[in-house]
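Enquirer:
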Amino acid sequence: MKGRIWGSRGSIASPGQDTKRYGGNTSCVELRPPGCDVVILDAGTGIRELGVRLVREGAERMFLLLTHLHVDHLEGLGMFEPIWRKQTELHIWGPASPVASLEQRIATYFSPPLFPVHLSEVPATIEYHDASESEWQIDGAGFTSNAIIHPGPTVGYRIESKGRVLAYLTDHEPALGADLASDAPDWISGFALAHRADVLIHDCQYTPQEYEHRLGFGHSSTEHVARFAEATAVDRVLLFHHDPMHSDDQIDAMRDDVVARWGVDGDRCTAAAEGAEIQV
Amino acid sequence: MERVPEQRNLVLILARAFAAQLATALFLVDDEGTVIYYNEAAEQLLARKFIEGAGMPAEEWSTVFRPRDAEGRSVPLVSLPLGVTMLKREPAHGVIMITGADGVDRRIEVAAFPLFAHTEDFVGAVALFWARPEDRP
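Here the protein sequences come in this chain order: A and B. The opening position of the first sequence corresponds to residue -9 in this note's numbering, with each subsequent residue numbered one higher. The opening position of the second sequence corresponds to residue 11 in this note's numbering, with each subsequent residue numbered one higher.
#1: How is the beta strand (DSSP E) around VAL120 (chain B) delimited, first residue to last?
#2: At least one CB of chain B closer than 8 Å to the CB of ALA90 (chain A): is that the case?
#3: Is ALA52 (chain B) close to chain E, meaning its C-beta is less than 8 Å from at least one C-beta of that chain?
#4: From ALA219 (chain A) to TRP252 (chain A), what distance separates their C-alpha atoms?
#5: On the DSSP bridge list, what partners appear for MET52 (chain A)?
#6: Contact check, ILE191 (chain A) vs PHE133 (chain A) under 8 Å by CB: the rounded distance?
#7: Could you give the DSSP three-state label for HIS162 (chain A): helix, strand or coil?
#8: When the cut-off is 8 Å and only beta carbons count, does PRO15 (chain B) lie next to chain A?
#9: Between GLU62 (chain B) and chain A, is there a C-beta pair that is closer than 8 Å?
#10: May I ask which residues mark the beginning and end of the alpha helix (DSSP H) holding ALA111 (chain B)?
#11: Please name the residue, chosen from B:ASP112, B:PHE126, B:ALA27, B:VAL105, that lies closest to GLN5 (chain B) on a Cα-to-Cα basis.
#12: State the CB to CB distance for the pair THR115 (chain A) and THR78 (chain A), rounded to an integer number of angstroms; the pair is presumed to be in contact (CB under 8 Å).
#13: Extract the residue ranges of the beta strand (DSSP E) inside the stretch 160 to 205 of chain A, only unbroken runs of 3 or more that lie entirely within it.
#14: Between ALA25 (chain B) and LEU38 (chain B), what straight-line distance do the alpha-carbon atoms span, to the nearest angstrom?
#15: Within 8 Å, do at least three Cβ pairs link the stretch 108 to 128 of chain A to the stretch 153 to 168 of chain A?
#16: Ends of the alpha helix (DSSP H) at ALA216 (chain A)?
#17: Check the Cβ of ASP176 (chain A) against every Cβ in chain B and list those closer than 8 Å, keeping chain order.
#18: Taking 8 Å as the CB-CB limit, is ARG99 (chain B) close to chain A?
#19: PHE181 (chain A) versus chain B: which residues are under 8 Å apart at the beta carbon?
Right, dumping it as structure tokens:
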């Protein structure tokens, strides 16, 4: 499985001199399971540039997996060029809420005053799939979704292809529900999704000091990422959802902190940078 | 394709985290009625430590503490507040007498309610219980 990071920033797009290396676009990851049409993880601002490339390639069938509907994971969808083409067939997975369907929830963003056009006016054919807790297959690739700890309905994804596994748990605060160092694995949010993944893309927004003032915001510290990686026995971790206030140098230091706390070789942990290729 | 391990429903994970911070006694049961967690306040009222991973099936928790009504008659599972919640999937309330593992009789008030992750997606239930004010030391 190959992929590419199109946006790894959390909360709000953060272009600027201090964020050039890791990038300022919000969450979007392209994934290419062998034999499968393009899979897109989240529709942050990074999806705009991906859309341009997909149109250039002539892609018509694509799969978008939304972890949740906070703006930084959805705001790029309106500028995703393929949805403005009639021939596009877009399948969107994402969490419904206990009282509203996925389509209704996306339509809340895709309507005035937040957006000038209604969702119903989009020319592409869009099919919506509830990903609250399910398993499905597309062209030989296996997909599993499950709810994870973050304010509001939020899911993580596990994608398997040809015996390789990528887990995507951005916006995740497992430490809120369990002691990551001592609790049984089945009590740890996201454990089953990440278990023994070859690559885990995981929230790493805060330092431990910052987390003390952000408890319950739905994100993880470097300490939490290290403990979660250890508990789930993953091979490699890509640190994701960088805090918009963090410079490239601060992200470097956070990556070093995760490596030290996890106690593994440095090549098993990387901070996700916009434009970086992923090999699973 | 490798089998994905079993995972507790997120609602149960969050309910347990909530219970662990609570000074009120709380039972957390799964969708089959097995107690999968009770907190320190419950341990004090029942005089029995919770053993992680052991679980306590409905047949056990509904009898081991000898629940009785005001006249001393045994109360079956289907009439206990948590039993009602499990069977009917609706809130229930009641006052019962129990005997803790220390042999001490205690009159407790119980409020139970079901947990639905989504409509029709019943994942378990919670029973909050506390000693009646007039019985507190």
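Think of the CB as a built atom: it goes at the ideal place given N, C-alpha and C, for glycine as much as any other residue.
Expert: Short version:
#1: Along the second sequence, read from residue 1 onward, the residue named residue 120 (chain B) stands at position 110. Looking at the DSSP string, the run of the beta strand (DSSP E) that includes VAL120 (chain B) is 115 to 128.
#2: On the first sequence, residue 90 (chain A) is found 100 positions in, with the first residue counted as 1. Cβ-Cβ to chain B under 8 Å: no for ALA90 (chain A).
#3: Considering every chain present, this structure includes no chain E. Its protein chains are A and B.
#4: Residue numbering aside, residue 219 (chain A) sits at position 229 when the first sequence is read from its first letter. Residue numbering aside, residue 252 (chain A) sits at position 262 when the first sequence is read from its first letter. Spanning the two alpha carbons is a distance of roughly 7 Å.
#5: For the purposes of this step, residue 52 (chain A) is taken as residue 62 along the first sequence, with counting starting at 1. Answer is A:LEU80, bridged to MET52 (chain A).
#6: Your numbering for residue 191 (chain A) matches position 201 in the first sequence. Your numbering for residue 133 (chain A) matches position 143 in the first sequence. Actually they are not in contact, since the Cβ atoms of ILE191 (chain A) and PHE133 (chain A) sit about 15 Å apart, beyond 8 Å.
#7: Position 172 of the first sequence, counted from the start, is the residue given in the question as residue 162 (chain A). DSSP places HIS162 (chain A) in coil when its eight states are reduced to three.
#8: The residue given as residue 15 (chain B) occupies position 5 in the second sequence. It does: the Cβ of PRO15 (chain B) has a partner Cβ on chain A nearer than 8 Å.
#9: As a working mapping, residue 62 (chain B) is identified with position 52 in the second sequence. For GLU62 (chain B), the answer is yes, since a Cβ of chain A falls inside 8 Å of its Cβ.
#10: Position 101 of the second sequence holds residue 111 (chain B). From DSSP, ALA111 (chain B) is part of no alpha helix (DSSP H); its letter is neither H nor E.
#11: Within the shown structure, residues of chain B are numbered from 11 to 147, placing residue 5 (chain B) beyond reach of any answer.
#12: For the purposes of this step, residue 115 (chain A) is identified with residue 125 of the first sequence, where counting begins at 1. For the purposes of this step, residue 78 (chain A) is identified with residue 88 of the first sequence, where counting begins at 1. Rounded, the Cβ-Cβ distance is 7 Å, consistent with contact.
#13: 189 to 193
#14: For the purposes of this step, residue 25 (chain B) is taken as residue 15 along the second sequence, with counting starting at 1. For the purposes of this step, residue 38 (chain B) is taken as residue 28 along the second sequence, with counting starting at 1. One C-alpha to the other measures close to 8 Å.
#15: no
#16: If you number the first sequence from 1, residue 216 (chain A) lands on position 226. From DSSP, the alpha helix (DSSP H) with ALA216 (chain A) extends over 212 to 222.
#17: The residue you call residue 176 (chain A) lines up with position 186 of the first sequence. The contacting residues are PRO15, GLU16, GLN17, ARG18.
#18: If you number the second sequence from 1, residue 99 (chain B) lands on position 89. False, the Cβ-Cβ gap to chain A never drops below 8 Å.
#19: To locate residue 181 (chain A), count along the first sequence from 1; it is residue 191. The answer, in chain order, is PRO15, GLN17.
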